[in-house]
Amino acid sequence: MLEGMSLGIAIAGSAIGAGIAVATGIGAGAGQGFAAGKAAEAVANQPEAKSDIISTMLLGQAVAESSAIYGLVIAIILIFVNPWIQM
Numbered sequence: 202m203l204e205g206m207s208l209g210i211a212i213a214g215s216a217i218g219a220g221i222a223v224a225t226g227i228g229a230g231a232g233q234g235f236a237a238g239k240a241a242e243a244v245a246n247q248p249e250a251k252s253d254i255i256s257t258m259l260l261g262q263a264v265a266e267s268s269a270i271y272g273l274v275i276a277i278i279l280i281f282v283n284p285w286i287q288m
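What follows is the structure in structure tokens.
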């Protein structure tokens, strides 16, 4: 069991790790915005292929969002279910 300074370092490390894990949402958001912009351009160029373009874009955005969700899950685990800290 951790006590004193070791406990403080474990809590600080968990908080920093959770912040880094949540930062994965930045990349996912940028990627989704870029994909939506390119899909809008593609639909403007070829309106007859709208359904194919949108379905492909939505699949790509779902994959991009999954990395952000994994980051959120890791952050929640580090904050609330930390194995190094017994409270």
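Everything in the sequence shown is counted per the numbering used here, starting at 202 for the first residue and increasing by one.
Glycine included, each C-beta is placed from N, C-alpha and C at the ideal position.
Since the structure is predicted, the reported quantities are computational estimates derived from the model, not experimental observations.
In the structure shown, the three-state DSSP call for alanine 224 is coil. Using a 10 angstroms sphere on the CB of serine 267, the tally of other CB atoms stays under 16, which defines it as exposed.
For glutamate 266, the enclosing alpha helix (DSSP H) stretches over residues 251-281. The C-alpha of alanine 237 is placed about 9 Å away from the C-alpha of isoleucine 255. For the pair proline 248 and alanine 240, the Cα-to-Cα distance works out to about 11 Å. Take the alpha-carbon of alanine 224 and the one of isoleucine 212: they are about 19 Å apart. As the crow flies, the alpha-carbon of glycine 272 is around 5 Å from that of alanine 222. Asparagine 283 and serine 215 have their C-alpha atoms some 8 Å from each other. The alpha-carbon of isoleucine 278 is positioned some 17 Å away from that of leucine 208.
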